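Enquirer:
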Amino acid sequence: VDTAPPVQAATVTVEPSTVTIAYSVDSKHLTEEDKHRLQPMIQRLTRYPSATAEVTGYTSNTGSEAYNLKLSEKRAKNVAELLSQYVADANQITSKGIGEANSIATNDTAKGRAENRRVEIYSPALKIATEDAAERPDY
Numbered sequence: 715v716d717t718a719p720p721v722q723a724a725t726v727t728v729e730p731s732t733v734t735i736a737y738s739v740d741s742k743h744l745t746e747e748d749k750h751r752l753q754p755m756i757q758r759l760t761r762y763p764s765a766t767a768e769v770t771g772y773t774s775n776t777g778s779e780a781y782n783l784k785l786s787e788k789r790a791k792n793v794a795e796l797l798s799q800y801v802a803d804a805n806q807i808t809s810k811g812i813g814e815a816n817s818i819a820t821n822d823t824a825k826g827r828a829e830n831r832r833v834e835i836y837s838p839a840l841k842i843a844t845e846d847a848a849e850r851p852d853y
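Numbering-wise (this note's numbering), the sequence shown opens with residue 715 and increments by one.
1. Tell me A843's beta-bridge partners as DSSP assigns them.
2. Going by other Cβ atoms of all chains shown within 10 Å of its Cβ, with 16 needed for buried, is D799 buried or exposed?
3. Within a Cβ cutoff of 8 angstroms, which residues of the same chain sit near I812, ignoring the five residues on either side of it in sequence?
4. Output the boundary residues of the alpha helix (DSSP H) element that contains T776.
5. Go through its chain and collect everything with a Cβ distance to A802's Cβ below 7 angstroms, but skip five positions before and after it.
6. If you draw a straight line from the C-alpha of V739 to the C-alpha of A765, how long is it?
7. Under the assumption that A736 contacts A828 (Cβ atoms under 8 angstroms), give the Cβ distance between them as a whole number of angstroms.
8. Note the first and the last residue of the continuous beta strand (DSSP E) segment covering I834.
9. Classify I842: buried if its beta carbon has 16 or more other beta carbons within 10 angstroms, exposed otherwise.
10. For S837, is the classification buried or exposed, using 16 other Cβ atoms within 10 angstroms of its Cβ as the cut-off for buried?
11. Look at L796 and L840 and say whether their C-beta atoms are less than 8 angstroms apart.
This is how it looks when you write it as structure tokens:
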């Protein structure tokens, strides 16, 4: 009885990925352009079921801290809900809002405040085991 040789497994590292969505003042809604910008992340999450995404919402410092925290949470939740429509397991996606924290620009200018009104979707690197098809005999 012939037995097939063991299949050689290779590990491939998929690099981390980040997508940033900008928001207008007091907005929590995604535009069609934003949805288009999310396509690479959607493709990653559907292609690699072990991939995860951390969705974090931010605001500028305009308005009260409590209001901004809630707004950032709503922004993140809306993006996470959209991504969840495309994945097999909603646990692949987590979301949180952190309000005014972690500004990436000054809040002293309109341009800086605009940069701070955002959602960042981060998917860490992952290792994927793949079978080397060239090593597998045809039966």
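Cβ atoms here follow ideal geometry from the backbone N, Cα and C, with glycine treated the same way. Bear in mind that the values here come from a model prediction, so they are computed numbers and not experimental data.
Expert: Reading from the atomic positions:
1. T725
2. For the record, residue 799 in the displayed sequence is Gln; it is not Asp. By the 10 Å Cβ count, Q799 comes out exposed.
3. T770, G771, Y772, L783 and S786
4. Per DSSP, T776 belongs to no alpha helix (DSSP H) and is neither H nor E.
5. Contacts found: P763.
6. 32 angstroms
7. 7 angstroms
8. Reading off the sequence shown, one finds Glu at residue 834, where the question assumed Ile. From DSSP, the beta strand (DSSP E) with E834 extends over R832 to S837.
9. exposed
10. buried
11. no
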